[in-house]
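Protein sequence lines correspond, in order, to chains A and B. Read in order, the letters of the first sequence are residues 0 to 180 in numbering that gives the first Met the number 0. Read in order, the letters of the second sequence are residues 0 to 180 in numbering that gives the first Met the number 0. Think of the CB as a built atom: it goes at the ideal place given N, C-alpha and C, for glycine as much as any other residue. Remarks on the structure that follows.
2 protein chains.
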Amino acid sequence: MLTRKEFEAAQKCAAAMIRESGIHITDAEAERIEVADFGLSRLPQEGGQILTLVATDRMAAKIVVLFPGQTLPEHWHPPVGDDPGKEETIRVVCGTMRLYLPGEDNMREGTIPKGKQDSYTVRYEVLMRPGDQITLQPGTKHWFQAGKEGVVAYSFSTVARDVLDGFTDPDIERVTKIVDC
Amino acid sequence: MLTRKEFEAAQKCAAAMIRESGIHITDAEAERIEVADFGLSRLPQEGGQILTLVATDRMAAKIVVLFPGQTLPEHWHPPVGDDPGKEETIRVVCGTMRLYLPGEDNMREGTIPKGKQDSYTVRYEVLMRPGDQITLQPGTKHWFQAGKEGVVAYSFSTVARDVLDGFTDPDIERVTKIVDC
Chain A
0 MLTRKEFEAA
10 QKCAAAMIRE
20 SGIHITDAEA
30 ERIEVADFGL
40 SRLPQEGGQI
50 LTLVATDRMA
60 AKIVVLFPGQ
70 TLPEHWHPPV
80 GDDPGKEETI
90 RVVCGTMRLY
100 LPGEDNMREG
110 TIPKGKQDSY
120 TVRYEVLMRP
130 GDQITLQPGT
140 KHWFQAGKEG
150 VVAYSFSTVA
160 RDVLDGFTDP
170 DIERVTKIVD
180 C
Chain B
0 MLTRKEFEAA
10 QKCAAAMIRE
20 SGIHITDAEA
30 ERIEVADFGL
40 SRLPQEGGQI
50 LTLVATDRMA
60 AKIVVLFPGQ
70 TLPEHWHPPV
80 GDDPGKEETI
90 RVVCGTMRLY
100 LPGEDNMREG
110 TIPKGKQDSY
120 TVRYEVLMRP
130 GDQITLQPGT
140 KHWFQAGKEG
150 VVAYSFSTVA
160 RDVLDGFTDP
170 DIERVTKIVD
180 C
């Protein structure tokens, strides 16, 4: 749950970071940046800001913004019907990102959000800087954490069906509630 | 056919335009920018510069650069086996682009390359500026022409199989020959 104020502040900040990174977006796009708290109600710690540039039933291109130190929770893109699941290429535009994948635990720079040891199970750390990119095969568990300047990254993918993504944290709800109080 | 010198100059200029547009690319990426003259040997008039950021067997993300007034010849993305053909979203990053599609001839800003009336058959003109984007369904004939500042654009798409693209101009060969003389 986010208050309307939190939502608007996050959206404004994300739009500014996208523009500062050199990506031209329209005002209409800035106003439809998704702010996702994953139902956890602690956006600065766990959440993400996502602008979908295009999403068809075959592919998607998005911009993902994480605020300084913000963590986008561990998830994966499962198969859906005939589709083997979303294949996703992450490319950092600005700032630094820690990407975590299955493999040996070599975590050095990142931190597990407090009290969430069980919800972040893959800990092979990849440090990504502007121009770095990596393609994730469907079903691969992964999570992201921004460095201290935050991060703006592209996500180029096959068809996205966000509401069907799997999350390790059982408390997560993919739909963010915004309240006016 | 391009001389090595023409090729290198075009690649350098395209890399500079990409970087000037605010997109961070690595030196390795700059060196693998494709310069396509479509076998016509008149790159400044008909051709394109393309950097493939990612291409898998399911999707692709590319940067297309056209020099001032340069025209990327009319083509379409046909079905291949089970694939209905490439669905492509074009998004302008910097500069202006004229996109031509099937429909009523409303061409005003653009010009047909000299002596090529028969090779540019679709003439519904769409003027595109930074932040504008359009999604083209597979099989749609289209061509692009840069405005006087040139253009840098994204192409987000399903799987790309460039060598299987159809071209209206029968003189076109998709593979560019580079000669050292």
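{"Item": "Of all the CB atoms in chain B, is at least one closer than 8 Å to the CB of residue 155 of chain A?", "Value": "yes"}
{"Item": "Indicate whether residue 96 of chain A and residue 127 of chain A have their beta-carbon atoms separated by less than 8 Å.", "Value": "yes"}
{"Item": "Would you report the Cα separation of residue 104 of chain A and residue 81 of chain A, rounded to the nearest angstrom?", "Value": "33 Å"}
{"Item": "Which of helix, strand or coil does DSSP assign to residue 86 of chain A?", "Value": "coil"}
{"Item": "So with Cβ pairs under 8 Å, would you call residue 96 of chain B a contact of chain A?", "Value": "no"}
{"Item": "Rounded to the nearest angstrom, what separates residue 35 of chain A and residue 89 of chain A at their Cα positions?", "Value": "18 Å"}
{"Item": "Mind checking the stretch 40-56 of chain A against chain B and listing, in chain order, the residues whose C-beta falls within less than 8 Å of any C-beta there?", "Value": "52, 53 and 55"}
{"Item": "If you follow the beta strand (DSSP E) that residue 13 of chain B is part of, which residue opens it and which one closes it?", "Value": "No beta strand (DSSP E) contains residue 13 of chain B, which is instead part of the alpha helix (DSSP H) from 3-19."}
{"Item": "Going along chain A in order, which residues have a C-beta closer than 8 Å to the C-beta of residue 86 of chain B?", "Value": "55, 57 and 58"}
{"Item": "What is the DSSP secondary structure of residue 59 of chain B, reduced to helix, strand or coil?", "Value": "strand"}
{"Item": "Name, please, each residue of chain B whose Cβ falls closer than 8 Å to the Cβ of residue 23 of chain A.", "Value": "21, 92, 93, 129 and 130"}
{"Item": "For residue 65 of chain B, is the beta carbon positioned less than 7 Å from some heavy atom of the ligand GTP?", "Value": "Of ligands this structure carries none, so the ligand GTP is not represented either."}
{"Item": "For the alpha helix (DSSP H) that residue 54 of chain B lies in, which residues bound it at each end?", "Value": "Segment 47-54 is the beta strand (DSSP E) holding residue 54 of chain B; no alpha helix (DSSP H) there."}
{"Item": "Using three-state DSSP, classify residue 159 of chain A as helix, strand or coil.", "Value": "coil"}
{"Item": "For residue 71 of chain A and residue 166 of chain A, which I take to be in contact (beta-carbon distance under 8 Å), what is that distance rounded to the nearest angstrom?", "Value": "Not confirmed; about 10 Å, so no contact."}
{"Item": "Quick check: the stretch 57-73 of chain B against the stretch 8-19 of chain B, are there 3 or more CB pairs under 8 Å?", "Value": "yes"}
{"Item": "State buried or exposed for residue 69 of chain B, treating a residue as buried only when at least 16 other CB atoms are found within 10 Å of its CB.", "Value": "buried"}
{"Item": "Under a CB-based cut-off of 8 Å, is residue 175 of chain B close to chain A?", "Value": "no"}
{"Item": "Taking DSSP's pairing of strands, which residues face residue 150 of chain A in a bridge?", "Value": "A/65 and A/94"}
{"Item": "Using a C-beta cutoff of 8 Å, does residue 134 of chain A count as contacting chain B?", "Value": "yes"}
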